[in-house]
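Student: Structure below; questions to follow.
Number of protein chains: 2
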Amino acid sequence: MKKTPFYLVSLLWIVLLSCSKEVKQETQQAEQVIDPLPSWNDTPLKKAIIAYVNNVTDFSHKDFIPVEDRIATFDNDGTLWSEKPLVQELYSLYRVEKLLTIHPEWKNKQPFKAVAEKDKAYFEKGGTKTLVELVLATHTGITQDEFEASVKDFYATVKYPGATGGIKSITYQPQKELMDYLRNNGFKVYICTGGTLDFVRGISMELYGVPKEQVIASSVKYKFDDSLLMREPELDVYNDKEMKPVSIHRVIGKKPVFACGNEGGAGDIAMLKYSQASDYPSFQLLVNHNDSIREFYYQEKDSASLKAAAQYQWNVLSMKDDWKVVYVK
Amino acid sequence: MKKTPFYLVSLLWIVLLSCSKEVKQETQQAEQVIDPLPSWNDTPLKKAIIAYVNNVTDFSHKDFIPVEDRIATFDNDGTLWSEKPLVQELYSLYRVEKLLTIHPEWKNKQPFKAVAEKDKAYFEKGGTKTLVELVLATHTGITQDEFEASVKDFYATVKYPGATGGIKSITYQPQKELMDYLRNNGFKVYICTGGTLDFVRGISMELYGVPKEQVIASSVKYKFDDSLLMREPELDVYNDKEMKPVSIHRVIGKKPVFACGNEGGAGDIAMLKYSQASDYPSFQLLVNHNDSIREFYYQEKDSASLKAAAQYQWNVLSMKDDWKVVYVK
Numbered sequence: 002m003k004k005t006p007f008y009l010v011s012l013l014w015i016v017l018l019s020c021s022k023e024v025k026q027e028t029q030q031a032e033q034v035i036d037p038l039p040s041w042n043d044t045p046l047k048k049a050i051i052a053y054v055n056n057v058t059d060f061s062h063k064d065f066i067p068v069e070d071r072i073a074t075f076d077n078d079g080t081l082w083s084e085k086p087l088v089q090e091l092y093s094l095y096r097v098e099k100l101l102t103i104h105p106e107w108k109n110k111q112p113f114k115a116v117a118e119k120d121k122a123y124f125e126k127g128g129t130k131t132l133v134e135l136v137l138a139t140h141t142g143i144t145q146d147e148f149e150a151s152v153k154d155f156y157a158t159v160k161y162p163g164a165t166g167g168i169k170s171i172t173y174q175p176q177k178e179l180m181d182y183l184r185n186n187g188f189k190v191y192i193c194t195g196g197t198l199d200f201v202r203g204i205s206m207e208l209y210g211v212p213k214e215q216v217i218a219s220s221v222k223y224k225f226d227d228s229l230l231m232r233e234p235e236l237d238v239y240n241d242k243e244m245k246p247v248s249i250h251r252v253i254g255k256k257p258v259f260a261c262g263n264e265g266g267a268g269d270i271a272m273l274k275y276s277q278a279s280d281y282p283s284f285q286l287l288v289n290h291n292d293s294i295r296e297f298y299y300q301e302k303d304s305a306s307l308k309a310a311a312q313y314q315w316n317v318l319s320m321k322d323d324w325k326v327v328y329v330k
Numbered sequence: 002m003k004k005t006p007f008y009l010v011s012l013l014w015i016v017l018l019s020c021s022k023e024v025k026q027e028t029q030q031a032e033q034v035i036d037p038l039p040s041w042n043d044t045p046l047k048k049a050i051i052a053y054v055n056n057v058t059d060f061s062h063k064d065f066i067p068v069e070d071r072i073a074t075f076d077n078d079g080t081l082w083s084e085k086p087l088v089q090e091l092y093s094l095y096r097v098e099k100l101l102t103i104h105p106e107w108k109n110k111q112p113f114k115a116v117a118e119k120d121k122a123y124f125e126k127g128g129t130k131t132l133v134e135l136v137l138a139t140h141t142g143i144t145q146d147e148f149e150a151s152v153k154d155f156y157a158t159v160k161y162p163g164a165t166g167g168i169k170s171i172t173y174q175p176q177k178e179l180m181d182y183l184r185n186n187g188f189k190v191y192i193c194t195g196g197t198l199d200f201v202r203g204i205s206m207e208l209y210g211v212p213k214e215q216v217i218a219s220s221v222k223y224k225f226d227d228s229l230l231m232r233e234p235e236l237d238v239y240n241d242k243e244m245k246p247v248s249i250h251r252v253i254g255k256k257p258v259f260a261c262g263n264e265g266g267a268g269d270i271a272m273l274k275y276s277q278a279s280d281y282p283s284f285q286l287l288v289n290h291n292d293s294i295r296e297f298y299y300q301e302k303d304s305a306s307l308k309a310a311a312q313y314q315w316n317v318l319s320m321k322d323d324w325k326v327v328y329v330k
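Dropping the structure here:
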């Protein structure tokens with residue numbers, strides 16, 4: 002048999018090599034599809050999530066949702082990372098310390114006094130009002146650029162009580178997988194949090210792959226003054242409860258078809274109800290903090306969130322049973 | 002010479018065919034690159050825009066901007082479509098008519114009375130205050146879903162004074178090309194308008210390819226009530242002048258590197274200044290309404306916008322000279 006010309010052999014090699022590369026990539030993708038949520042136990046909840054995503058992304062299925070309407074919203078505190086204590090609270094304390102070194106005389110005025118004297122009762126008695134007072138006192142009166150630099154420094158240095166790693170180590174690994182899984186299926190993933198806008202934006206991409214413009218949050222007032230954005234000592238939006246649907250509408254203009262919140266402060270009931278009002282098939286997920294060993298055990302006194310979940314047939318996520326691991330390693 | 006085996010010939014054909022397909026696509030792309038702005042005259046402004054885009058998208062150039070920071074913001078009224086009269090004003094009149102058929106007794110109360118009696122002086126004397134009064138009276142007190150249906154009907158039926166086609170025929174063809182050109186170069190294009198949020202969102206994709214979540218606008222207050230979003234008769238944000246940078250920060254969290262507004266009401270000076278404060282090389286563009294033949298001729302009494310453009314070295318777009326055609330055909 003005559004020898005095949007060299008150029009033809011080379012061409013064949015090129016074709017075969019590029020084919021094998023593609024096959025390899027496809028195999029890897031197929032392997033990923035087998036378990037998109039490896040840190041989730043193989044419970045009915047996991048099956049329900051996967052079935053929902055399969056159906057709404059299948060063009061021939063009656064539940065199909067066009068890609069531009071695949072909107073997912075996640076609460077942050079207690080839903081994507083631990084909230085005992087709130088990270089934002091730690092930032093406020095960090096700021097109090099910084100501010101007291103510049104203005105030592107402030108130790109005699111509230112809320113600095115309460116922090117300096119470790120007067121927990123002051124905040125417990127005052128509730129949301131004193132928390133807002135603390136946030137305004139520590140998050141405003143500076144330019145937006147100064148604030149961003151301060152948040153960056155905080156995240157790089159913060160020690161979370163009981164955690165051994167950096168801030169990453171209190172984020173939930175299964176939720177990161179869930180967000181990736183949704184994104185891989187064409188969903189646009191937003192954070193919708195009671196935390197403040199620029200504080201969460203300062204870490205949202207690094208921790209969750211969520212860009213700044215996909216963070217919906219509480220916010221102070223801003224003032225544009227001679228090319229500078231100033232942070233004013235006044236609350237503009239407190240993004241909790243009934244404000245969450247309003248903020249979601251203002252930022253996105255569409256109802257989320259996938260919404261995930263947590264029980265603890267009844268803060269996500271309205272968001273989940275709003276999602277359920279979508280014209281599309283939707284999925285509501287409520288994180289239940291029932292894992293005293295690996296995370297925390299805390300329940301609302303009136304069980305408002307769990308009762309709403311039962312009433313409206315939302316999916317309840319048992320941290321204890323549905324998650325193989327809790328934290329990112 | 003021996004015949005080359007059939008399978009090798011087939012393989013070669015496959016390779017050659019797929020190559021020729023790619024070459025064809027590349028040629029088409031190259032042709033597009035030759036003139037991305039065909040409705041713009043070949044003036045220094047057009048050259049400046051193209052040079053800017055070339056530089057900031059060239060990885061090896063000192064002006065390179067990473068794709069995630071290529072943010073562009075465009076005003077709408079007078080920047081993307083004509084504003085004599087404001088389309089939003091036409092919608093208000095359309096709503097007055099609808100409301101008066103349901104509540105004929107309202108013809109005796111303001112602002113319905115002034116509209117019913119064609120009392121232009123009422124609005125001219127009252128200025129922004131009466132305009133806001135008219136918007137609140139006609140844009141609120143209904144659910145968000147009802148409002149969206151009404152806006153859809155309006156856009157489908159509106160006749161713009163002097164225009165022969167539908168609403169599309171008062172949008173500027175060169176601006177559509179500019180937005181496409183920016184998008185093709187990795188820019189995320191936002192609208193930042195004094196018009197109201199859901200009114201502009203109702204047409205932003207169809208006219209400009211801008212999705213709902215990329216519309217930054219004035220807004221009424223909303224209330225979430227039993228799964229329904231209600232439109233409350235109160236203004237929340239009047240997105241003009243110094244509020245534009247604030248709203249841009251709230252929605253995007255980054256400074257735009259490309260900002261385009263128009264002279265007429267001095268409404269875009271702050272947005273252009275904010276863009277110029279970016280750490281990246283930025284581009285400011287101010288539309289000058291100096292084309293009395295093809296569009297309108299109007300100038301601010303104090304020339305505030307043009308003076309700012311001169312002071313800060315912004316690019317001024319002469320409708321008369323820089324545009325080959327004005328409107329979309």
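Protein sequences, first through last, are from chains A and B.
The numbering of the first sequence is the working numbering, which starts it at 2 and goes up by one.
The numbering of the second sequence is the working numbering, which starts it at 2 and goes up by one.
Yeah, the Cβ is synthetic: ideal placement off N, Cα and C, and Gly gets one too.
If you drop the 5 nearest sequence neighbours on each side, which residues of the same chain put their C-beta closer than 7 angstroms to that of V24(A)?
Tutor: Low per-residue confidence applies at V24(A): pLDDT is 49, beneath 50, and the placement is therefore not dependable, though the value from the model is reported in the following sentence. The beta carbon of V24(A) is closer than 7 angstroms to none in its chain, skipping five residues each way along the sequence.
Student: For G254(B), go through chain A and note every residue whose CB falls closer than 9 angstroms to its CB, in chain order.
Tutor: What G254(B) touches in chain A: L198, D199, R202, P212, K213, E214, V216.
Student: Does DSSP put V216(A) in a helix, in a strand, or in coil?
Tutor: Strand.
Student: As a quick exercise: from A49(B), K242(B), N42(B), pick the residue whose alpha carbon is nearest that of L286(B).
Tutor: A49(B)
Student: Counting only C-beta atoms, is K325(A) closer than 8 angstroms to chain B at any point?
Tutor: Chain B has no Cβ within less than 8 angstroms of the Cβ of K325(A).
Student: Candidates K177(A), K255(A), A157(A), R96(A): which alpha carbon is nearest L81(A)'s?
Tutor: K177(A)
Student: What did DSSP end up calling L229(B) once you bin it into helix, strand or coil?
Tutor: strand
Student: Any idea what DSSP makes of N333(B), helix, strand or coil?
Tutor: Chain B is shown only over 2 to 330; residue 333(B) falls outside these bounds and no answer can be derived.
Student: Under 9 angstroms between beta-carbons, which chain B residues line up against V247(A)? List them in chain order, please.
Tutor: K222, Y223, K224, F225, L230
Student: How would you write the range of the alpha helix (DSSP H) that N185(B) sits in, first residue to last?
Tutor: 174 to 185
Student: Whose C-beta lies closer than 8 angstroms to the C-beta of I249(A) among residues of the same chain, with five residues either side of it excluded?
Tutor: Cβ within range, chain order: T74, Y191, C193, I217, K256, P257, M272, Y275.
Student: Going by DSSP, what residue range makes up the beta strand (DSSP E) through I72(B)?
Tutor: 72 to 75
Student: Between Y53(A) and the rest of its own chain, which residues show a CB-CB distance below 7 angstroms, the 5 nearest in sequence each way excluded?
Tutor: F284
Student: Indicate whether at least one CB of chain A lies closer than 8 angstroms to the CB of R251(B).
Tutor: R251(B) has a beta carbon lying within less than 8 angstroms of a beta carbon in chain A.
Student: Within the 8 angstroms Cβ cut-off, does V24(A) reach chain B?
Tutor: Bear in mind that a pLDDT of 49 at V24(A), under 50, signals an unreliable position, so the number given afterwards is only what the model happens to contain. So no, V24(A) is outside the interface.
Student: Listed in chain order, which residues of the segment 268 to 283 of chain B have Cβ atoms closer than 7 angstroms to some Cβ of chain A?
Tutor: A271, K274, Y275, A278
Student: Around the C-beta of S84(B), are 16 or more other C-beta atoms found within 10 angstroms, so that it is buried, or is it exposed?
Tutor: It should be noted that the sequence gives Glu, not Ser, for residue 84(B). E84(B) comes out buried.
Student: Which residue marks the beginning of the alpha helix (DSSP H) containing L46(B), and which one marks its end?
Tutor: 45 to 57
Student: Run through chain B and tell me which residues come within less than 8 angstroms of Q145(A), C-beta to C-beta.
Tutor: By Cβ distance, chain B contributes H250.
Student: With 16 other CB atoms within 10 Å as the buried threshold, where does N55(A) fall?
Tutor: exposed
Student: What residues in the segment 54 to 88 of chain A have a beta carbon less than 8 angstroms from any beta carbon of chain B?
Tutor: E69
Student: In this structure, how does DSSP classify Y223(A) when only helix, strand and coil are distinguished?
Tutor: In the structure shown, Y223(A) sits in a strand (DSSP, three-state: E or B).
Student: Taking DSSP as the reference, what is the three-state secondary structure of V152(A)?
Tutor: helix
Student: For T144(A), report the span of its alpha helix (DSSP H) as first-last.
Tutor: From DSSP, T144(A) is part of no alpha helix (DSSP H); its letter is neither H nor E.
Student: Are G203(B) and S219(B) closer than 8 angstroms when you measure CB to CB?
Tutor: no
Student: Does any residue of chain A bring its CB to less than 8 angstroms from the CB of E90(B)?
Tutor: At a cut-off of 8 angstroms between beta-carbon atoms, E90(B) makes no contact with chain A.
Student: Drop a sphere of 10 angstroms on the beta-carbon of Y298(A), count the other beta-carbons inside from all chains shown, and report buried for 16 or more, exposed for fewer.
Tutor: exposed
Student: In terms of alpha-carbon separation, which member of D36(A), A115(A), K169(A) lies closest to V88(A)?
Tutor: Minimum Cα distance to V88(A) is reached at K169(A).
Student: Going along chain B, which residues have a C-beta under 9 angstroms from E243(A)?
Tutor: Neighbours of E243(A) on chain B, chain order: K224, F225, D226.
Student: Alpha carbon to alpha carbon, how far is E125(A) from K302(A)? Give it in angstroms, no decimals.
Tutor: 16 angstroms
Student: Would you give the residue range spanned by the beta strand (DSSP E) that T102(B) belongs to?
Tutor: Looking at the DSSP string, T102(B) is not in any beta strand (DSSP E); the run it does join, the alpha helix (DSSP H), is 88 to 103.
Student: Run through DSSP, which three-state label would S279(B) get?
Tutor: coil
Student: Measuring CB atoms only, is the segment 37 to 47 of chain A touching the segment 311 to 324 of chain A, in the sense that at least three cross pairs come out at less than 8 angstroms?
Tutor: The segment 37 to 47 of chain A and the segment 311 to 324 of chain A touch, with no fewer than 3 CB-CB distances between them shorter than 8 angstroms.
Student: When you compare the segment 260 to 270 of chain A with the segment 228 to 247 of chain B, are there three or more beta-carbon pairs, one atom per stretch, that lie closer than 8 angstroms?
Tutor: no
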